[in-house]
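Numbering (our numbering), first residue to last: 103 to 529.
To start, the structure under review is shown below, and the notes come after it.
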Ligand code: FAD
């Protein structure tokens, strides 16, 4: 296996710029195809899958993956880490395999995008030229959207909505809490990353508390009235956790309107809630580089032409994964990876000068309520009128009334799904 090829020196990058200028001056399409440079920002499920697929489809493409961290920490199954059922290193993946496939990995933050010059600026002041740019930066928290909740407050009231230190902080807080305490979980309105994941988290925290601190409670303050797979969750909560989980929906005062980090208080229009542990999942937006690139609109998310993933706002830029807005394709790891592969096919076709095929996105999401008990939903999505819509007949959701052996099978399938997607993407 090749070592990571880290092209981060100013000299190398400048050499790249000179080559880029020369290549743009050449009108020969075969040269453009052979030497075309695709830069992908973000080495998560979407970006890593895209970079890898680009090289597989056309090994002549010069593909560079810009990722802020040397190691990726995956969110799926991170709720199990919070509940003490799994260790964080089972969530972590490197980029060696992707580098060995000929993708240049640049471990740096992208800080600028110049769509006119077609360059990406990096944190060390150097820049990378591109012919096409794929943005896959995931999400950032909207620290301006919930009064009292800023980066400092997140150290006291973790969101744990990007896996890593925040995940471990929430776990430590649960371990330190006395029996009889209240864990308050604040859920935002959609759109946000992985809509069912807050309810999976409430379930797995309940699993931990039931075993270790059985007098404790979980209060879910929800800015929505309904949520996906609600009947399945609520039935399972009763069966496994009795009254331990209480949920207050939007219409009964569930929306958190501000927080006071010093006192661990969550404020709603209907009253204040004091927490021993506060897990505040704030409103979100596309990762900041999308805004810097001009690809995010005033919703904070990125509108695209669903048939090509092309930004509707900036030329030669494609956007995939959680950063995208438009239609029913879920903000999930499985659909992000699927978008990554489909976008790679589109970009390779556009570079080759052939019409791209219509993409189909596959999304599958497992929700784990307790060890050995899970249910799922899945669907395929295709572009229609610029958004992704579910392909008729492709949707599946686990039945509400099912024997526990089906739940056990789905729990096993969830583990297989995670292994498969992480091997296909990173391993
Ligand atoms: P990410 O995977 O977040 O990747 C974005 C990458 O971009 C990051 O590595 C980041 O470091 C990098 N980046 C951002 N900005 C820059 C920059 N300027 N320069 C360089 N790098 C940058 N999905 C499922 O399918 N199944 C599940 O069971 C599931 N469970 C979940 C549980 C939880 C608790 C959460 C929070 C999410 C869950 N998800 C699940 C959702 C899933 O994690 C996301 O949908 C998925 O990670 C999105 O992929 P992405 O590529 O868009 O973003």
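Glycine included, every Cβ here is placed at the ideal spot set by N, Cα and C.
Could you compute how far the alpha carbon of residue 487 sits from the alpha carbon of residue 408? Counted from its first residue, the chain shown places residue 487 at position 385. Counted from its first residue, the chain shown places residue 408 at position 306. Straight-line measurement puts the Cα of residue 408 at about 8 Å from the Cα of residue 487.
Can you have a look at residue 195 and say buried or exposed, based on whether 16 or more other CB atoms are within 10 angstroms of its CB? Reading the chain shown from its first residue, position 93 is the one you call residue 195. Its Cβ being crowded by 16 or more others within 10 Å, residue 195 is buried.
Leaving out the 5 sequence neighbours to the left and right, which residues in its chain are closer than 7 Å to residue 161 when beta-carbon positions are compared? Taking the chain shown and counting its residues from 1, one reaches residue 161 at position 59. Excluding residues within five positions, the ones whose Cβ falls inside 7 Å are 204.
Along the beta strand (DSSP E) that carries residue 468, what are the first and last residues, could you check? Position 366 of the chain shown holds residue 468. 463-472 is the extent of the beta strand (DSSP E) around residue 468.
Does the beta carbon of residue 148 fall short of 8 Å from some heavy atom of the ligand FAD? Stepping through the chain shown from its first residue, residue 148 is reached at position 46. The nearest non-hydrogen atom of the ligand FAD is less than 8 Å from the C-beta of residue 148.
Run through the DSSP bridge pairs and tell me what residue 243 is partnered with. Position 141 of the chain shown, counted from the start, is the residue given in the question as residue 243. Residue pairing by DSSP places residue 243 opposite 386 in a beta bridge.
Who are the Cβ neighbours of residue 207 in its own chain at under 6 Å, not counting the five residues just before and after it? Indexing the chain shown from 1 puts residue 207 at position 105. Answer for residue 207: 106, 167, 197 and 201, listed in chain order.
Contact with chain B by residue 423, beta-carbon distance below 9 Å: In the structure shown, chain B does not exist; there is a single protein chain.
For residue 306 and residue 270, the rounded distance between their alpha carbons: If you number the chain shown from 1, residue 270 lands on position 168. If you number the chain shown from 1, residue 306 lands on position 204. If I take the Cα positions, the gap works out to 15 Å.
Where residue 327 falls: helix, strand or coil (DSSP): If you number the chain shown from 1, residue 327 lands on position 225. Coil at residue 327, not helix or strand.
Continuous beta strand (DSSP E) stretch holding residue 155: start and end: Residue 155 sits at position 53 when you count from the first residue of the chain shown. Taken as a continuous stretch (DSSP letters only), residue 155 belongs to no beta strand (DSSP E), being part of the alpha helix (DSSP H) at 147-159.
Taking all protein chains shown into account, do 16 or more other C-beta atoms lie within 10 angstroms of the C-beta of residue 285, making it buried, or fewer, making it exposed? Counted from its first residue, the chain shown places residue 285 at position 183. By the C-beta density criterion, residue 285 is buried, having at least 16 other C-beta atoms within 10 angstroms.
Quick check on the burial criterion: 16 or more other C-beta atoms within 10 angstroms. Buried or exposed for residue 439? As a first step, residue 439 is located in the chain shown; it is residue number 337 there, counting from the start. Its Cβ being crowded by 16 or more others within 10 Å, residue 439 is buried.
Using only the alpha-carbon positions, how far apart do residue 317 and residue 193 sit? Your numbering for residue 317 matches position 215 in the chain shown. Your numbering for residue 193 matches position 91 in the chain shown. Each residue's alpha carbon lies about 30 Å from the other.
Residues that DSSP places opposite residue 555 in a beta bridge: No answer is possible for residue 555: it lies beyond the span of the chain, which begins at 103 and ends at 529.
Reduced DSSP secondary structure (H/G/I, E/B, other) of residue 364: Taking the first residue of the chain shown as 1, we reach residue 364 at position 262. Helix.
Looking only at C-alpha atoms, which of 495, 499 and 473 sits nearest to residue 479? Along the chain shown, one-based indexing puts residue 479 at 377. Comparing Cα positions, the closest option is 499.
Taking Cβ to Cβ, would you say residue 301 is nearer than 9 Å to residue 335? The residue you call residue 301 lines up with position 199 of the chain shown. The residue you call residue 335 lines up with position 233 of the chain shown. Their beta carbons are under 9 Å apart, which means residue 301 touches residue 335 by this criterion.
Specify the secondary structure class of residue 374 as computed by DSSP and reduced to three states. Residue 374 sits at position 272 when you count from the first residue of the chain shown. In the structure shown, residue 374 sits in a strand (DSSP, three-state: E or B).
At a cut of 8 Å, does the stretch 219-231 reach the stretch 340-352 through at least three beta carbon pairs? Contact between the stretch 219-231 and the stretch 340-352 is absent, because fewer than three Cβ pairs lie under 8 Å.
Just the C-alpha distance for residue 502 and residue 494, rounded to the nearest angstrom, thanks. Position 400 of the chain shown holds residue 502. Position 392 of the chain shown holds residue 494. Those two C-alpha atoms are separated by around 21 Å.
So which of 382, 252, 224 and 374 has the shortest CA-CA distance to residue 291? As a first step, residue 291 must be located in the chain shown, where it is residue number 189. The residue among 382, 252, 224 and 374 with its C-alpha nearest the C-alpha of residue 291 is 382.
Answer yes or no: the CB of residue 410 versus the heavy atoms of the ligand FAD, is any distance below 8 Å? As a working mapping, residue 410 is identified with position 308 in the chain shown. The answer is no for residue 410.
Residues in the same chain with beta-carbon distance under 7 Å from residue 489, minus the five sequence neighbours each way, listed in chain order, please. Here residue 489 refers to the residue found at position 387 of the chain shown. Closer than 7 Å at the Cβ level, and outside the excluded window around residue 489, lie 408, 428 and 429.
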